[in-house]
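When the count follows my numbering, it moves up by one through the sequence shown with no breaks and lands on 559 for the last residue.
Here the structure is laid out as structure tokens; the discussion comes afterwards.
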Amino acid sequence: MKIRLFILILCLEAVSSLYASYIPRQIPLDAPIYEELDLLYQLSGLALPSASRPWNMYEAAQILKSIPSNTKYSVLRDQIEQHLLQRKSSHSSSQFSYRITPTIALESYIHTNNTDFTSFSDWIYSYDERKPMLDLTLSMEGGSFFMFETSLQAQVGGYSEKHDKDSVIPIPQHGIGVVLDEGDGVLLDDAFLYRTLFSTNIYTADKELEADFPRHSQMTFAGDWWTLSLGKGHISWGRGMSGNLVIGDHISNHTYASASFFSDETKLQLMYLFFPDLTNSKRGSRAFIGHRLEFPITERTRISLSENIISLSKDFPLQFADPTYIYHNLFTSDTVNAIAHLELDVAISQGLFAHGQFAMDQFQLPSEQAQTANAVAYLAGLSYAWQATKGYWKTDLEYISIDPAFYRREGVDFLVARDLWKHQEHLKPYIIDYLGHRFGSDSQILMARGTYILPNILRLEGSVTIHRQGELTYGKAHTTTNDNDSTPNINGPAPSGDTIIERLIIGLGADYTTSIEDLSLYSQAHWIGKRVYDRPSKSYNSYAHDLQLVVGIQKRF
């Protein structure tokens, strides 16, 4: 009996030491490990790993376990493992460690058209992509299962009182969806930082500091098969190239609570996102509540199912606290909006991979007589990757269609409003986003991309995007009677209406990691051409174009 007990203790210690080498932290979405692990799975002919991100370090370790160490891509696998084992702590003991990490980033932004390209949405490298000049991150670890991280950031704000107060526009009479009403604030369609021909992320006296920080923070408890995390940062559900249908990766400062339970193949995640009430009428705060299950059908096929709702917190039924419940059973259009979501990943062969997403907000059979418009969206993508003499090549093609009424409802919708200038009663400027795809409702998107990856050294990218936007943008009412109080009745397919905005975006990008530790250089160039198509006359007008350049250098100490 004593011998058995001794052997059991040794086994537990061995398992503990195996996982104790990993940091119990959430991995930022811009970390290279995501692209590298996806690439490793794709080259190996396996269905790609979990697309609900960020991962925890323990989850990434589980995912890596599926690839044997003697794989023909062992160099790539070893580099990924080194990312997982990398650990820096200024002060540590056996049970506690902490580190203060300063990061300095210097960026410059240049564009050529300050007449037609003047807003957040006109730029590709925009509000959520631009980095703070200084980021001071404090990280604390307790043993191998607890992580606390927060940061102080010196970042140029999106709104300038000196330059923008005379260029704001009021919220329209019908409001912005149902997140803002007329009189609740103003919109910034002509912003100083985005119309200026040359600007930087360096703070000067004529700029405002960003009031909403930290952009990234976390308090995480984790083990080898589970993670509980509270914090702020990027969230992404899906592997769409231009965006995802339920939770896109374009919003940088979600406030979230998440619980994940995973193995190398299967994952269950419970996700909660919290949105403040910004209305003068105090409609109530909103919360996104979703549960997502990912599992393999075969070694080459993976399916993901999720049920997702936005609920007004003042009418929050306690049943929503039960993650095992089917939320559609509690559906009331005045307080809840629900989207069902399906993803399918198929590894066709080694290097060749297909991905699809389908989401449904509202669908009626032809025999039904309700006036509510159908609201569905779908995404289809194809990818091929191969190993070169040095590095790896990858090509991607993606098509997306999003119905006009998708994301919109008369009671609760999937729009997100963020205040750009806090603690000021005389003026409340807001930026509006969609929780799902960044281009939002009434969109048709085709995107192609080619990427060259030399891990830990160089990444090059070229892309072409065609975006056709119908009339139902977030600034327009979702009914033919020009109000947001009734059921959406603008039917698809996208793009709808007589006036279609078409954009062609050609992009180039480069990221270079120097031989100096934690020093990187990066740049982007985007040419954007846009025009307006008049459907009745079948003619084009309002031609405009812009060349946007971004150059940056970042050093982490």
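Cβ coordinates follow ideal geometry from the N, Cα and C atoms, glycine included.
Taking a 10 Å sphere around the C-beta of residue 98, we find fewer than 16 other C-beta atoms and assign the residue as exposed. Judged by DSSP secondary structure, residue 143 falls within the beta strand (DSSP E) whose first and last residues are 136-144.
If you ignore the 5 residues before and after residue 133, its C-beta comes within less than 8 Å of the C-beta of 107, 109, 157, 203, 554 and 556, all in its own chain and listed in chain order.
Exposed is the label assigned to residue 388, since fewer than 16 other Cβ atoms lie within 10 Å of its Cβ. Uninterrupted alpha helix (DSSP H) stretches at least 4 residues long and entirely within the region 106-178 occur at 163-166, given in chain order.
In the three-state DSSP reduction, residue 331 falls in the helix class (H, G or I).
With contacts defined by Cβ atoms closer than 8 Å, residue 243 and residue 451 form a contacting pair. With contacts defined as CB atoms closer than 8 Å, residue 190 and residue 433 qualify as a contacting pair. Its Cα nearest to that of residue 240, the residue 250 stands out among 482, 250 and 552. Rounded to the nearest angstrom, the gap between the Cα atoms of residue 503 and residue 404 is 15 Å.
Cα atoms of residue 461 and residue 394: separation of roughly 10 Å, rounded to the nearest angstrom. Here residue 504 carries a strand assignment [DSSP, helix/strand/coil]. With a minimum length of 3 residues, the unbroken runs of beta strand (DSSP E) contained wholly in the region 180-260 fall at 200-202, 219-224 and 228-235. Look at residue 37 here: in three-state DSSP terms it is helix. The beta carbon of residue 220 lies closer than 6 Å to those of 28, 151, 231 and 233 in the same chain, with the five residues before and after it left out. According to DSSP, residue pairing for residue 396 in a beta bridge involves 387 and 453. In terms of CA proximity to residue 213, 161 leads the group 366, 161, 193 and 256. In terms of CA proximity to residue 307, 362 leads the group 140, 362 and 313.
In the assembly as shown, residue 532 is a buried residue. Its beta-carbon has 16 or more other beta-carbons within 10 Å. DSSP, reduced to helix, strand and coil, places residue 414 outside both helices and strands of the structure shown, so it counts as coil. Collapsing the DSSP output to three states places residue 270 in a strand. If the five residues before and after residue 444 are omitted, its C-beta is found closer than 6 Å to the C-beta atoms of 406, 472, 474, 496, 497 and 498, all from its own chain and listed in chain order.
Residue 199 and residue 263 have their C-alpha atoms some 48 Å from each other. In the DSSP assignment, residue 365 forms no beta bridge with any residue. Below 8 Å, enough C-beta pairs join the region 264-273 and the region 63-72 to call them touching: three or more. Fewer than three pairs of CB atoms, one per stretch, sit closer than 8 Å, so the region 119-131 makes no contact with the region 75-82.
Residue 440 is positioned such that its CB atom lies closer than 8 Å to that of residue 245.
With respect to the 8 Å criterion, residue 178 and residue 510 are not classified as neighbours on the basis of their beta carbons.
For residue 65, the enclosing alpha helix (DSSP H) stretches over residues 59-67. Between the alpha carbons of residue 175 and residue 311 lies a gap of roughly 27 Å. DSSP, reduced to helix, strand and coil, places residue 349 within a strand of the structure shown. Around the beta carbon of residue 355, 16 or more other beta carbons sit within 10 angstroms, so the residue counts as buried.
In the three-state reduction of the DSSP assignment, residue 81 falls in the helix class, which pools H, G and I. Taken through DSSP and simplified to helix, strand or coil, residue 401 comes out as strand.
Here the alpha carbon of residue 101 sits roughly 6 Å from the alpha carbon of residue 140.
In this structure, the CA atom of residue 304 is about 6 Å from the CA atom of residue 346.
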